[in-house]
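So in this note's numbering, the last spot in the sequence shown is 1899, and the numbers never skip.
Glycine included, C-beta positions come from ideal geometry on N, C-alpha and C.
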Amino acid sequence: MTFSAVDVIRAKRDGGELSDEQIDWVLDAFTRGAVDPEQMSALAMAVFFRGLSPRELARWTAAMIASGARLDLSSVPRPTVDKHSTGGVGDKITLPLVPLVAACGAAVPQLSGRGLGHTGGTLDKLESIPGWRAALTNDEFLAQLSSVGGVICAAGDELAPADKKLYALRDVTGTVESIPLIASSIMSKKIAEGSSALVLDVKVGTGAFMKTVEDARLLATTMVELGTAHGVATSALLTDMSTPLGLTAGNALEVAESLEVLAGGGPADVVELTLALAQQMLVAVGISEDPEDALRDGRAMDAWRAMIAAQGGDPSAPLPVARERHLVTAPASGTLTRLDAYAVGVAAWRCGAGRARKEDAVSAGAGVVLFAKPGDDVVAGAPLLELHADDPARFESALAALDGAWDIGAADGFTPTPLVLDRIG
Ligand code: URA
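See the structure below:
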């Protein structure tokens, strides 16, 4: 059946409910190029303001999945489980998590993207490892998933192509921050990826899409319902993103920190979240192994080295470092009571760790290293953080992003926030 795109836009603009047939048609026609980007942008804005009913959202997500292929992982001789994070500053958890869960006996098919804006992309981080390649054929992907148990690679064009086109429009039309559009975008890709279970890490705070726990809970519940309706055992953790995760934001810097975790060390918050997500993933596929054992006895590190080598990377090669550094010292003595995630993310991005347009290159060594986290005592004149960039001209705008990014005060001015705020599903 053919509809008029203008009628579909008007119906949603005026607060009406779209029929299943209208939704199927508009997403299919947009993917084929028969609905113009201008029209799809207008529809995205109408959805942004009017929302989607649960029926519309379920159909919208199903139509996005149907725009491409759903992967068949039935040949993989291990239970399959993936995780998805809604994105945060210093969020390198995928790097230690995938080999850790693989080392415990599950298969983790992590199809990832590149970063845009203030949060880094997993592929950008891994591409800082000499030789590592993100593009795998379907056969390579399945073979590695079966043998090593973990794959992090680029999502192919066949995976929810409607989302790829729609996300590119949303990014430039101010329509990213919509719960139904985010939920359908993430879940269409994750359901099409074919794993039997999924754990979502929904971030809350200044460095995340969702600024309040209420919005994050609504997004998490919406995604858990969509996954469950499509036969994927889905659950979610709500986790704090008011301050960066760990002590680094930037591609090679985050790989180095992940290696510390895999070697049994690393910052406490990165270890805590890696283990919390690993436990949730293993429970979802009925594996009773304690992931802490696999970190401690080196099996997770072995799985990491096998994963990197299988994709052409040299796990022993030195990581790239930025050519220039700029140290920022504490302006006063006291307790660091706040260090804003968004500001640190923008500073890392301006140092060259992230891209403003999708065709931009990223610098492997650029980013921010923190010397203190909220709750730590700092001394006036001692190092607070350090900017890393290849081009020192970048420091001025990175420093501007950090203006007002922290508070130093009395110890009782700091209220610790739990890292894991809630669990859903
Ligand atoms: N990540 C996605 O994949 N889609 C969104 O809409 C937002 C974040």
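Residue i versus residue j: straight-line alpha-carbon distance, rounded
i, j, result
"V1622", "L1700", "29 angstroms"
"V1842", "A1804", "15 angstroms"
"F1474", "A1783", "The structure shown does not extend to residue 1474, since the chain spans only 1475 to 1899, so no value can be given for it."
"E1798", "L1861", "8 angstroms"
"M1572", "G1542", "Just to set this straight, residue 1572 is Val in the shown sequence, not Met. Taking the straight line joining both Cα atoms gives about 25 angstroms."
"R1824", "D1764", "40 angstroms"
"A1479", "K1638", "20 angstroms"
"P1857", "A1768", "34 angstroms"
"S1527", "G1705", "21 angstroms"
"L1730", "I1539", "Strictly speaking, residue 1730 in this sequence is Ala, with Leu absent from that position. Spanning the two alpha carbons is a distance of roughly 35 angstroms."
"L1643", "I1898", "30 angstroms"
"Q1753", "L1747", "10 angstroms"
"R1487", "G1887", "46 angstroms"
"G1605", "A1485", "51 angstroms"
"R1529", "T1535", "10 angstroms"
"P1792", "S1586", "24 angstroms"
"A1758", "D1865", "46 angstroms"
"Q1513", "A1520", "11 angstroms"
Own chain residues within Cβ distance below 6 angstroms of residue i, not counting five before or after
i, result
"A1838", "S1602, N1725, A1726, P1794"
"L1945", "Outside the shown range of the chain, which is 1475 to 1899, sits residue 1945, and nothing can be said about it."
"T1702", "T1708"
"D1565", "S1559, L1719"
"V1698", "T1708, A1710, I1898, G1899"
Helix, strand or coil at residue i according to DSSP, with G and I counted as helix
i, result
"L1492", "coil"
"E1651", "coil"
"G1826", "helix"
"T1803", "strand"
"E1860", "strand"
"E1688", "helix"
"G1887", "helix"
"D1637", "helix"
"L1501", "helix"
"E1467", "What is shown of the chain runs 1475 to 1899, which leaves residue 1467 out entirely."
"L1893", "coil"
"L1674", "strand"
"D1481", "helix"
"A1415", "No information on residue 1415 is available, as it lies outside the stretch 1475 to 1899 that the chain covers here."
Distance cut-off 7 angstroms: residue i Cβ against heavy atoms of the ligand NAP
i, result
"S1602", "The model on display carries the ligand URA but not the ligand NAP."
Own chain partners of residue i with C-beta closer than 8 angstroms, once the 5 adjacent residues on each side are dropped
i, result
"I1656", "T1560, V1650, F1683, L1693"
"L1531", "P1654, A1657, S1658, T1696, L1700"
Residues near residue i by beta carbon distance below 7 angstroms, same chain, minus five either side
i, result
"V1509", "A1479, V1500, A1503"
"A1516", "I1483"
"A1885", "T1809"
"R1552", "G1579, A1580, A1581, G1623"
"V1894", "L1711, T1713, A1750"
"M1775", "L1736, A1737"
"R1779", "P1789"
"P1848", "T1717, L1810, T1811, R1812, L1813, F1888"
Handout entry: Nearest-residue set for the ligand URA, Cβ under 5 angstroms from any heavy atom
Key = Per the Cβ criterion, the list is I1656, S1659, I1660.
Handout entry: Segments assigned alpha helix (DSSP H), at least 4 residues, entirely inside the stretch 1536-1623
Key = Fully enclosed alpha helix (DSSP H) runs of 4 or longer: 1568-1577, 1596-1600, 1612-1621.
Problem - 4-residue-minimum alpha helix (DSSP H) runs that sit fully inside the stretch 1694-1782, ordered along the chain - result: The qualifying runs are 1725-1736, 1742-1758, 1765-1770.
Problem - Secondary structure, alpha helix (DSSP H): runs of 4+ residues fully inside the stretch 1806-1853 - result: Complete alpha helix (DSSP H) runs here, min 4: 1815-1822.
Problem - 4 or more residues per run - each alpha helix (DSSP H) lying fully within the stretch 1507-1533 - result: Those alpha helix (DSSP H) runs which fall completely within the stretch 1507-1533 and span 4+ residues are 1511-1524.
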